[in-house]
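See structure below.
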Amino acid sequence: MIFKEDSMHKMIKVILLALPIVGCATSSPSSDSMARRVAALVDETTNPRTEMQAFEQLETLGPDAAPYIVHHLGDMRPLPIKEIELANGSPAAFEGVRHYALEVVHDVLSAILNQISGVSFEFVYNGATSRTREMDKVRWQTWCASTYPAKAVICSGGRRLQ
Numbered sequence: 022m023i024f025k026e027d028s029m030h031k032m033i034k035v036i037l038l039a040l041p042i043v044g045c046a047t048s049s050p051s052s053d054s055m056a057r058r059v060a061a062l063v064d065e066t067t068n069p070r071t072e073m074q075a076f077e078q079l080e081t082l083g084p085d086a087a088p089y090i091v092h093h094l095g096d097m098r099p100l101p102i103k104e105i106e107l108a109n110g111s112p113a114a115f116e117g118v119r120h121y122a123l124e125v126v127h128d129v130l131s132a133i134l135n136q137i138s139g140v141s142f143e144f145v146y147n148g149a150t151s152r153t154r155e156m157d158k159v160r161w162q163t164w165c166a167s168t169y170p171a172k173a174v175i176c177s178g179g180r181r182l183q
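For the sequence shown, the working numbering begins at 22 and goes up steadily by one.
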C-alpha cells in the first residue's frame, strides 16, 4: 500500500493514541500496586519472622484486596507458625477473638477472606484435605468474579472462569 504523507501521519497518530488504552486493558495484575502488595505479604506469611505481621496487614487491606487474595488461594506452601487469632467483629460473636490452627498459606488466606468479606465456603481454617481446599478455592473464585466482575481474571488466578 502507498499512503500519502498526510494519511500516514493520521494513521500513526491514531495508533499512538490507541496504544495507552490497549495497554491499560491488557495490563497484567503485577502492574497493579495492590497486586504487588498482596503478593509480597503472601510471601511474608511463609517467613516465621514476618508471618504474623503479614496476616495483620493482609486483613487491614480490606475488601479491595479480596480479588488479589483470592488470586493466591492455590498457594499450598506450609506456614511456619500454624496458629492465628483474628478479631471477631460479628455482632453475634460470643468471643472477641477467633482462633485458627492453620497448615498452609491457602488456609490463612481463606480465613482472612472470611474476615474481610463475611463470606465462608469450605471449613479449611483448622486443617483440611487438598480436595477440600480445591473446592474452597473454586467457590471463592466464583464469588470473587461475581462480586468484582472487573477483576474476574485476577480472581481466577489469571485464567478465565467458565
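Glycine included, every Cβ here is placed at the ideal spot set by N, Cα and C.
Proximity winner among the options, relative to residue i (alpha-carbon distances)
i, options, result
"residue 66", "75, 136, 55 and 119", "75"
"residue 84", "174, 164 and 178", "164"
"residue 134", "174, 54 and 78", "78"
"residue 122", "109, 116 and 149", "149"
"residue 146", "116, 59, 120 and 175", "120"
"residue 155", "95, 60 and 59", "95"
For residue j and residue i, believed in contact at Cβ under 8 Å, the rounded distance
i, j, result
"residue 105", "residue 69", "13 Å between Cβ atoms; not a contact."
"residue 97", "residue 118", "The pair is not a contact, with the Cβ atoms about 26 Å apart (cut-off 8 Å)."
"residue 72", "residue 107", "Residue 72 to residue 107, Cβ: 14 Å. No contact."
Min CB distance residue i to chain C below 7 Å
i, result
"residue 175", "Annotation note: the requested chain C is absent from the structure, which comprises a single protein chain."
Cβ-Cβ distance between residue i and residue j below 7 Å
i, j, result
"residue 141", "residue 87", "no"
"residue 89", "residue 56", "yes"
"residue 92", "residue 63", "no"
"residue 143", "residue 157", "yes"
"residue 136", "residue 80", "yes"
Burial state of residue i, where buried means 16 or more other Cβ atoms lie within 10 Å
i, result
"residue 167", "exposed"
"residue 45", "Legend: pLDDT at residue 45 = 40, less than 50; position of this residue unreliable, no value from coordinates given."
"residue 177", "buried"
"residue 152", "exposed"
Any non-hydrogen atom of the ligand FMN closer than 6 Å to residue i Cβ
i, result
"residue 121", "The ligand FMN is absent from the structure shown, which contains no ligand whatsoever."
Open item on the list: Extract the residue ranges of the beta strand (DSSP E) inside the region 55 to 131, only unbroken runs of 3 or more that lie entirely within it.
Closed with: 104 to 108 and 118 to 122, all fully within the region 55 to 131.
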